[in-house]
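> Numbering (the working numbering), first residue to last: 54 to 454.
All C-beta atoms in this analysis are idealised placements derived from N, C-alpha and C, irrespective of residue type, glycine included.
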Amino acid sequence: MNFESMTLLSQKVEGVLGTVRALREENAKLKQQLESVVAQAEDQKNLLEAANAKIADCEAALNARANQAAAQDDALNEKNNAIEALNGQINEKNGIIDALNAQMDEKNGIIDALNAQIAEKDNVIESLNGQIAEKNGALDSENAQINEKNNIIDSLNGQIAEKNNVIDSLNGQMNEKNGIIDTLNGQMDEKNGIIDALNGQMNEKNGIIDALNGQMNEKNGIIDALNGQMGEKNGIIDALNGQMGEKNGIIDALNGQMNEKNGIIDALNGQIAEKNGIIDALNDQMNEKNNIIDCLNGQIAEKNDVIDNLNVQVQSQGTEIAEAQSKFQQLLSTIETELGTEININEPAAEQAEAPVEQTSEPAEAPAEQPAVQPAAQPPQNDDTPDLFASNGGSQPGFFG
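(1) Under the rule that 16 or more other beta-carbon atoms within 10 Å means buried, what is G267, buried or exposed?
(2) Less than 8 angstroms between the CB atoms is what I'm expecting for N340 and L167, so what's the real figure, rounded?
(3) Under DSSP, the alpha helix (DSSP H) around G393 begins and ends at which residues?
(4) Ends of the alpha helix (DSSP H) at S208?
(5) Do you know how far the Cα of T390 is from the Cα of L384?
(6) Using C-beta distances below 7 angstroms, list every residue in its chain close to Q97, excluding the 5 sequence neighbours before and after it, in chain order.
(7) Cβ of I143 within 7 angstroms of Cβ of Q310?
(8) Consult DSSP for N105 and reduce its assignment to one of helix, strand or coil.
(9) By Cβ distance below 8 angstroms, which residues in the same chain neighbour N315 in space, the five residues on each side in sequence not counted?
(10) Just mark E229 as buried or exposed, buried being the case when its beta carbon has 16 or more other beta carbons within 10 Å.
(11) Are the beta-carbon atoms belonging to L181 and L349 less than 7 angstroms from one another?
(12) If you reduce the DSSP assignment to three classes, tell me which class T60 lands in.
(13) If we count Cβ pairs, one from each stretch, closer than 8 angstroms, do we get three or more for the region 64 to 73 versus the region 234 to 243?
(14) Using the three-state DSSP reduction, which class does Q336 fall into: helix, strand or coil?
(15) Between F56 and L62, what straight-line distance do the alpha-carbon atoms span, to the nearest angstrom?
(16) Which of helix, strand or coil does DSSP assign to N116?
(17) Go ahead and pull the three-state DSSP assignment for N315.
(18) Leaving out five residues on either side along the sequence, give the residues of the same chain with a beta carbon under 6 angstroms from the beta carbon of Q184.
(19) Return the CA-CA distance between N344 and I261, expressed in angstroms with no decimal places.
(20) Which residues in the same chain as E195 place their Cβ atom closer than 6 angstroms to its Cβ, once the five residues preceding and following it in sequence are excluded?
(21) Note down the Cα distance separating L76 from S58, rounded to an integer number of angstroms.
(22) Which whole-angstrom value is the C-beta distance of I199 and Q366, which I expect to be below 8 angstroms?
(23) From the DSSP output, in three-state form, read off N55 for me.
(24) With burial defined as no fewer than 16 other Cβ atoms inside 10 Å of the residue's Cβ, what is the status of E173: buried or exposed?
(25) What's the gap between the Cα of S369 and the Cα of E376?
(26) Distance, Cα to Cα, G371 vs I206?
(27) Taking the CB atoms as reference points, tell me whether L139 and L307 lie closer together than 7 angstroms.
(28) Going straight from the alpha carbon of G162 to that of G148, what length do you get?
(29) For a quick check, are the C-beta atoms of I164 and I331 less than 7 angstroms apart?
(30) On a Cα-Cα basis, can you pick out the residue from N120, T394, K356, E299 that is closest to G190?
(31) So is E395 buried or exposed if we call it buried at 16+ other beta carbons inside 10 Å?
Here you go:
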């Protein structure tokens, strides 16, 4: 036997062993399935035994019912006792009616108190509306100051184009970052798809559980059929109970009185329910008024926030203007130092812009419009310093920095 034959034989043996292993695995699966079926059959057997036990209980109950026929005399005595008990209950119902009337009076008091509270809430709402009107007035004043400051800032915005180029560059970087964020959001969508698949598996498991519950309902149907047989047996007992009709007539008459009392109680309960409805409606109005008050308080808080923000803007703009003018004064001082003369900045900006032309053409006739050489003096440092860049479109805050 050569090497190839040995190899072929070895492969065949390996194939046979693989088949044996597969058959063993299949045999194990079949055993597991058989055990499961046996277990299910055992469960069904237990349920059947339980049903048979219930049938036996029903038969025992029927026998017990047959024995009850001999105890009818005792039942008649019990009916007499029941009549006396019903008379006691009628007296108890009368007490309940009196208590319900007292509750009606209490509910009316609650309604009056809630109406008074609603009137108070209306007054609070009117007061809050007045406060909002005041806040709106404050906002108008703050907006006027903002407009004034914006006019000053607008005069300094002529050279903002350079800053806008820097902003455009930063926006390009932001767009790159947004692309990375979009990629991450795509990964999140994939994860959500996996979660949805797992939820689908959970739904399949729930379907299996529902099927098992259906089998249990079938078993309950068998038990219901047995209970139907019990109902038939009870019909026989009801025929025997016909002899107790006379006593039942007396009980029915007393029950009629009980029903009358119950009718009175139901009417009073209806009135109480009506009063409760009025109280609920008033509580709803109270809640609505409270919501209006909360909304107005929220508006007042928003107005306060807006006013605070406007105040911050006014202060910030004033600071920026002061800083720009201070830097301008520093630059002006440097220029004056280099020129060896002092530049007069007390004229309006428009006249400053026209001054060089007029100085050239009419130096003798417009002495007030040409720069005057004066003794060195400290330039003004207050907020009244004119903006010399106004004729050139203004300067942006932070331009000198």
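According to the data block:
(1) Burial call: exposed.
(2) Contact doesn't hold; Cβ gap of about 11 angstroms is too wide.
(3) The continuous stretches of alpha helix (DSSP H) do not include G393, and DSSP gives it neither H nor E.
(4) Per DSSP, S208 belongs to no alpha helix (DSSP H) and is neither H nor E.
(5) 10 angstroms
(6) none
(7) yes
(8) N105 falls in the helix class under three-state DSSP.
(9) K146
(10) exposed
(11) L181 is a Cβ neighbour of L349, given a cutoff of 7 angstroms.
(12) helix
(13) no
(14) Sequence check: residue 336 is Asn here, not Gln. Of the three classes helix, strand and coil, the one that applies to N336 here is helix, per DSSP.
(15) Rounded to whole angstroms, F56 to L62 spans 10 angstroms at the Cα level.
(16) Here N116 sits in helix by DSSP.
(17) helix
(18) I353
(19) 49 angstroms
(20) I360, L363
(21) Inter-residue distance for L76 and S58 is about 27 angstroms (C-alpha atoms, whole angstroms).
(22) Contact between I199 and Q366 holds: their C-beta atoms lie close to 6 angstroms from each other, under 8 angstroms.
(23) coil
(24) Classification for E173: exposed.
(25) 10 angstroms
(26) 9 angstroms
(27) yes
(28) In this model, G162 and G148 are separated by some 22 angstroms (Cα to Cα).
(29) yes
(30) K356
(31) buried
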